[in-house]
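*Asks:* Note that the protein sequences, when read in sequence, are chains A and B.
Residue numbers for the first sequence follow our numbering, beginning at 66 and rising by one.
Residue numbers for the second sequence follow our numbering, beginning at -15 and rising by one.
Where a beta carbon is used, it is the ideal one built from N, C-alpha and C, also for glycine.
Everything numeric in this text was worked out from a predicted model, so none of it was measured.
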Amino acid sequence: MNKTNLYKGCLEPIVMQLLRENNRMYGYEITQKVKELTKGELQITEGALYPLLHRLEAGGILESEMENIGNRIRKYYSLTKAGKKQVQHNLDEVKTFLQTLNLIINPKPA
Amino acid sequence: MLSDKQIQELYKFCSKHYVSYYDVQTELVDHLASSVEVEMQLNGDLDFDKALEKVYLSFGINGFSTIVREKSESLTKENRMRMFGILASFFKWPTIILTGTYLFTEVLLYKNYGKSIVAYFVIISSLLTTVPQLVNILLTRQKPKSPLLVNDFGQVYLSNSLAGIWIQYLGFIFNLVCVYNWLHVDGPNFSIVWSIVATILLVIENAVLMTFQRNQNCVQRKYPAAF
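In structure tokens:
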């Protein structure tokens, strides 16, 4: 089974949780952090990450700021007030999903 | 750390792959640069071009196209929401008093002075409320060095060109002339209905201009280095 498909629905809470913990991050940093935390098990593709970041920014969940870092400009993302409220709700949904999945994978003996 | 020349190469690389917008380009250049730096660090034999080729492959078969398309769609949605929010405010307290007063004035003028006066009132009031906004947009506008991806009115509007707002405003003037003709020239006696049409037209145009101004302010505040 394709691992990426399994994680796809969880990308949004993962990114939001990372931003909550790290205050502000840039795209490449997010991909590397996820890789590091999951010991390479989960690798976020750029084609999935950036559209998600742009969508969340357009939706008022994230805000961004540009910073000059030597010879290039870096775009940092952080959670807005609305985003901070939303992140806990998203994590609760993931937890409920995992519990439900567990009921199917490990059914309790009758 | 990549050299200035290599960073410029990355900008050219993005343009070559149809990412010509400043905001998306800046982000992708930084991503490519960070990845290329790591690749070159891990593999000393790898030159810049080979490292870039390797990094670009990680973007998948569609390359940058999915990112640009989805960015455009997100902005369309954001702008639509922004414009609907402004539009709705004309029918909410306290702005609804202004909208209602405008419509009521048209009806009063129609009843007391006839439809010709209403036609003049519509034209003058429309110009008085929209022209200052248009002038303000032109005066506060800073020309970006390269196009910015700013979706407006459902279409990609390049903010280094003002074509979008001019085409849109000419459309409004055309509609206004049509309404004026219906109100002024002898025709079906539906002047009150046309007064309502004129009010709606004016409210929509004001919302469009306000959205445009907010978008302009937003990109100028968010991407100061682009101007």
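1. Taking Cβ positions, are Gly112 of chain A and Ile51 of chain B nearer each other than 8 Å?
2. Let me check understanding here. Comparing Cα to Cα, which of B:Ile121, B:Phe43, B:Arg66, B:Ile107 lies closest to Ala123 of chain A?
3. Whole angstroms are fine: how far does the CA of Leu163 of chain A sit from the CA of Ile185 of chain A?
4. Using the beta-carbon of each residue, which ones in chain A are nearer than 9 Å to Asn199 of chain B?
5. Check whether the Cβ of Asn27 of chain B lies closer than 8 Å to any Cβ atom in chain A.
6. What does the Cβ neighbour count give for Arg139 of chain A, buried or exposed, with the cut at 16 atoms within 10 Å?
7. Between the C-alpha atoms of Thr218 of chain B and Val181 of chain B, what's the straight-line distance to the nearest angstrom?
8. Which residues in chain A sit within 7 Å of Lys61 of chain B, going by Cβ to Cβ distance?
9. Taking three-plus beta-carbon pairs below 8 Å as touching, is the region 189 to 200 of chain B in contact with the region 113 to 128 of chain B?
10. So what's Arg89 of chain A in DSSP terms, helix, strand or just coil?
11. Enumerate in chain order the residues of its own chain whose CB-to-CB distance from Met24 of chain B is below 6 Å, with the five nearest sequence positions on each side excluded.
12. Specify the secondary structure class of Glu158 of chain A as computed by DSSP and reduced to three states.
13. Grab me the residues of Arg205 of chain B's own chain with a C-beta within less than 8 Å of its C-beta, minus the 5 sequence neighbours each way, in chain order.
14. According to DSSP, is Arg139 of chain A helix, strand or coil?
15. Short of 7 Å in beta carbon distance, which residues of its chain neighbour Trp178 of chain B, apart from the five on each side in sequence? Order them along the chain.
16. Using 10 angstroms around the beta-carbon of Leu92 of chain A, count the other beta-carbons present and answer buried if the total reaches 16, otherwise exposed.
17. Can you confirm whether Lys129 of chain B, when its beta carbon is compared against all beta carbons of chain D, has any partner nearer than 8 Å?
18. In whole angstroms, what is the alpha-carbon distance linking Tyr2 of chain B and Gly47 of chain B?
19. Determine the chain B residues that contact His154 of chain A at a beta-carbon separation under 8 Å, and present them in chain order.
20. Would a C-beta distance cut-off of 8 Å place Ala17 of chain B and Leu(-14) of chain B closer than the cut-off?
21. Nearest-angstrom Cα distance between Asn155 of chain A and Leu84 of chain A?
*Replies:* So, from the data block:
1. As a position in the first sequence, residue 112 of chain A is number 47, starting the count at 1. As a position in the second sequence, residue 51 of chain B is number 67, starting the count at 1. In this structure, Gly112 of chain A places its C-beta atom within 8 Å of the C-beta atom of Ile51 of chain B.
2. As a position in the first sequence, residue 123 of chain A is number 58, starting the count at 1. Selected option, being the one with the closest Cα: B:Arg66.
3. The displayed coordinates of chain A run from 66 to 175. Any statement about residue 185 of chain A would go beyond what the structure contains.
4. For the purposes of this step, residue 199 of chain B is identified with residue 215 of the second sequence, where counting begins at 1. Result: empty, since nearest Cβ-Cβ is about 12 Å, beyond 9 Å.
5. Against the second sequence, residue 27 of chain B aligns to sequence position 43. Asn27 of chain B does not count as touching chain A.
6. Residue numbering aside, residue 139 of chain A sits at position 74 when the first sequence is read from its first letter. Result: buried.
7. Absent from the structure is residue 218 of chain B, since the part of chain B shown begins at -15 and ends at 211.
8. Start at 1 with the first residue of the second sequence, and residue 61 of chain B comes out as number 77. The answer, in chain order, is Ala123.
9. The region 113 to 128 of chain B and the region 189 to 200 of chain B touch, with three or more beta-carbon pairs separated by less than 8 Å.
10. Stepping through the first sequence from its first residue, residue 89 of chain A is reached at position 24. In this structure, Arg89 of chain A counts as strand in the three-state DSSP scheme.
11. Stepping through the second sequence from its first residue, residue 24 of chain B is reached at position 40. Hits under 6 Å: Leu30, Ala35.
12. The count along the first sequence starts at 1 and reaches residue 158 of chain A at position 93. For Glu158 of chain A, the three-state secondary structure derived from DSSP is helix.
13. Sequence index remark: in the second sequence, residue 205 of chain B carries index 221 (1-based). If we look at Arg205 of chain B and ignore the five residues flanking it on each side, it has no Cβ neighbours.
14. By 1-based counting over the first sequence, the position of residue 139 of chain A is 74. Reduced to three states, the DSSP call for Arg139 of chain A is strand.
15. The count along the second sequence starts at 1 and reaches residue 178 of chain B at position 194. The residues are Val163, Trp166, Leu167.
16. As a first step, residue 92 of chain A must be located in the first sequence, where it is residue number 27. Leu is not the amino acid found at residue 92 of chain A; the sequence shown has Gly there. With 16 or more Cβ atoms within 10 Å of its Cβ, Gly92 of chain A is classed as buried.
17. The structure shown contains no chain D; its protein chains are A and B.
18. On the second sequence, residue 2 of chain B is found 18 positions in, with the first residue counted as 1. On the second sequence, residue 47 of chain B is found 63 positions in, with the first residue counted as 1. Rounded to the nearest whole angstrom, the CA to CA distance from Tyr2 of chain B to Gly47 of chain B is 10 Å.
19. Start at 1 with the first residue of the first sequence, and residue 154 of chain A comes out as number 89. Within 8 Å Cβ-Cβ: nothing; His154 of chain A doesn't reach chain B, min ~20 Å.
20. Residue numbering aside, residue 17 of chain B sits at position 33 when the second sequence is read from its first letter. Residue numbering aside, residue -14 of chain B sits at position 2 when the second sequence is read from its first letter. At the C-beta level, Ala17 of chain B and Leu(-14) of chain B come within 8 Å of one another.
21. Numbered from 1 along the first sequence, position 90 holds the residue referred to as residue 155 of chain A. Numbered from 1 along the first sequence, position 19 holds the residue referred to as residue 84 of chain A. Rounded to the nearest angstrom, the two C-alpha atoms are 13 Å apart.
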